[in-house]
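Numbering (the numbering used here), first residue to last: 15 to 324.
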Amino acid sequence: MNVLNPYVRQFLVGWITVLDSVPDIDMLGFLPDFLDGLFNMLSDSSHEIRQQADAALSEFLQEIKNSPNVDYGRMAEILVRRAGSPDEFTRLTSITWINEFVKLGGEQLVPYYADILGAILPCISDEEEKIRVVARETNEELRAIKADQAEGFDIGAILVIAKRELNSEHEATRIEALHWFSTLLVRGRAEFSAYLDGIFEPLLNALSDPSDAVVLLVLEVHARIAEEYHHFQHLMSYLIHTFHNNHVLLEKRGALIVRRLCVLLGAEKVYREFSTILQTEGDLDFASTMVQVRSIGTSSNLDVLNATSV
C-alpha cells in the first residue's frame, strides 16, 4: 500500500473499493492492515488518487459507524501518527476519524487515551480552522469520559502528555493542557497525588508563562493542589523565592498572582503565610517590596487582617 507508482496506487484503491462492495467480504476486518496506506495516499501529488483515497476512507468510516465489531485500537495508533502529518488534509481526515472513534470506541479506546490526547492537543492550535474546531470538540469529548484504572485508564500517561504540552509554543494548547490537570485532579485526587512529584515543578515554572490567561489557570491548578497544607507552604515558599530571583516577574505579575491566590485560597491564609516567610527574609528591600505587593493583593481584606497580622 505504500508504493509510490501512481498507476499501482490507483489499482490498489480501485480493488479495495470493489472488494468492499462485495456483500460476503468483510473488509473492515482487514482495514487496520491497509488503513495507513490509504492515509498515505491523501497527500499524493495526483488529485485523482487523493480523491479516490478520500472516497474510500469516507466509505469505511461510514461502515465503522454502522458496525458493532471494530478493532479501534490498532487503527487508533495509525490515526495518532497521521494527526501529526505535515499535510493539512491528512491531518484533518485523521483528526475527524479520531473524533468519531472517541464517540464510538468506548472501552476499547481507554488504553489509547494518552496517545489520542497527544495528537489532539497540538491540533487545537493548528493553522487550519477546521482542524482546530474538530480537535477542540474531540478534546471535550475525551475529557467528559469517566474511565477508571480498572478499564486501563493511565492517569500517569495522560499527565505526561499534559506536562509536555505545557511547553507548547501555542497558548491555546497550553491552556487545554492545564484544563486536563484540573480535570484529573478533581476526578481522582489520590491518583493525581501519586504523580505530583513529577509535575509540581513544571506547574510552578508555568507561573512565568508570558500569557496572563495561562498564569491564571496555573494558579487554579495550584490552588486545588494547595488544599493540602504542606503543598500550600511549598507554593508560598516557591513564590517568595521566585520573586526574589525574578524582579521582572515580581513587577509585572506579583500583584496579579497574589490577588488571584487570595481569591482562590483565602486572603487571610495567604497573608499570614507570606508574613511568616518574610519574617526570616534578610533582604530588607525585597521584603519591603513584597509587603507592598502582598498589601495590594489583599487590599479588600486589610481592615480585617491588619488587626490580626503578626
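Glycine included, each C-beta is placed from N, C-alpha and C at the ideal position.
Start and end residues, alpha helix (DSSP H) containing residue i
| i | result |
| --- | --- |
| E154 | 143-158 |
| F53 | 45-55 |
| L192 | 185-201 |
| P100 | Premise fails: P100 is in no alpha helix (DSSP H) and is neither H nor E. |
| P7 | Given that the chain is displayed from residue 15 to residue 324, the structure contains no residue 7 and the question cannot be resolved. |
| P216 | 210-219 |
| V36 | Run containing V36: none; DSSP gives neither H nor E here. |
| S81 | Neither: S81 is in no alpha helix (DSSP H) and is coded neither H nor E. |
| F257 | 243-259 |
| D226 | 226-239 |
| E161 | The displayed chain sequence assigns Ala, not Glu, to residue 161. It is not in any alpha helix (DSSP H) - A161 carries neither H nor E in the DSSP assignment. |
| T294 | Run containing T294: none; DSSP gives neither H nor E here. |
| G280 | No alpha helix (DSSP H) contains G280, which DSSP labels as neither H nor E. |
9 Å Cβ cutoff met for residue i and residue j
| i | j | result |
| --- | --- | --- |
| I159 | Y127 | yes |
| C137 | V124 | no |
| H244 | F214 | no |
| K144 | L93 | no |
| L56 | V27 | no |
| V307 | A269 | yes |
| M89 | L45 | yes |
| A237 | L279 | yes |
| R146 | W194 | no |
| L198 | I169 | yes |
| M41 | E77 | yes |
| L135 | W111 | no |
| K177 | G202 | no |
| S139 | S182 | yes |
C-alpha distance - residue i paired with residue j, whole-angstrom precision
| i | j | result |
| --- | --- | --- |
| T104 | D50 | 11 Å |
| G98 | Q293 | 52 Å |
| V232 | F288 | 19 Å |
| A70 | V84 | 17 Å |
| E142 | S108 | 14 Å |
| C276 | R286 | 11 Å |
| T303 | I271 | 14 Å |
| N315 | A281 | Because N315 carries a pLDDT of 49, less than 50, the predicted location of this residue cannot be relied on, and the following value inherits that uncertainty. Straight-line Cα distance between these residues: approximately 7 Å. |
| F167 | L210 | 18 Å |
| I291 | F115 | 51 Å |
| T31 | E155 | 31 Å |
| I39 | E73 | 15 Å |
| G119 | S81 | 11 Å |
| A227 | R95 | 30 Å |
| D317 | R274 | For D317, the pLDDT reaches just 47, beneath the cut-off of 50, and the residue's location in the model is therefore unreliable, leaving the point undetermined. |
| V235 | V284 | 16 Å |
| D297 | Y252 | 16 Å |
| V324 | G132 | For V324, the predicted structure reports a pLDDT of 40, less than 50, and the residue's modelled location is therefore unreliable. A value from the coordinates is still provided. Going by the C-alpha atoms only, they are around 48 Å apart. |
| E151 | N113 | 8 Å |
| I63 | G43 | 23 Å |
| H261 | M250 | 16 Å |
| E205 | G87 | 25 Å |
| D223 | N54 | 38 Å |
| E241 | A301 | 26 Å |
| I254 | D68 | 56 Å |
| K79 | S35 | 17 Å |
| S59 | D47 | 23 Å |
| S225 | P37 | 56 Å |
| I175 | N153 | 13 Å |
| N320 | V305 | Any answer about N320 is weak, because its pLDDT of 46 lies below 50 and its placement is not dependable; what the coordinates show is given next. When rounded, the distance between both Cα atoms is 12 Å. |
| V22 | K117 | 35 Å |
Whole-Å CB distance - residue i paired with residue j, under 8 Å assumed
| i | j | result |
| --- | --- | --- |
| Q122 | Q66 | Between Q66 and Q122 the Cβ distance is about 29 Å, and since that is not below 8 Å, they are no contact. |
| A171 | L180 | With 8 Å as the limit, A171 and L180 do not qualify as a contact, their Cβ atoms being about 15 Å apart. |
Within the chosen definition, does the segment 178-187 reach the segment 111-130 through at least 3 CB pairs nearer than 8 Å? no
Three-pair Cβ contact test at 8 Å for the segment 211-220 versus the segment 258-269: no
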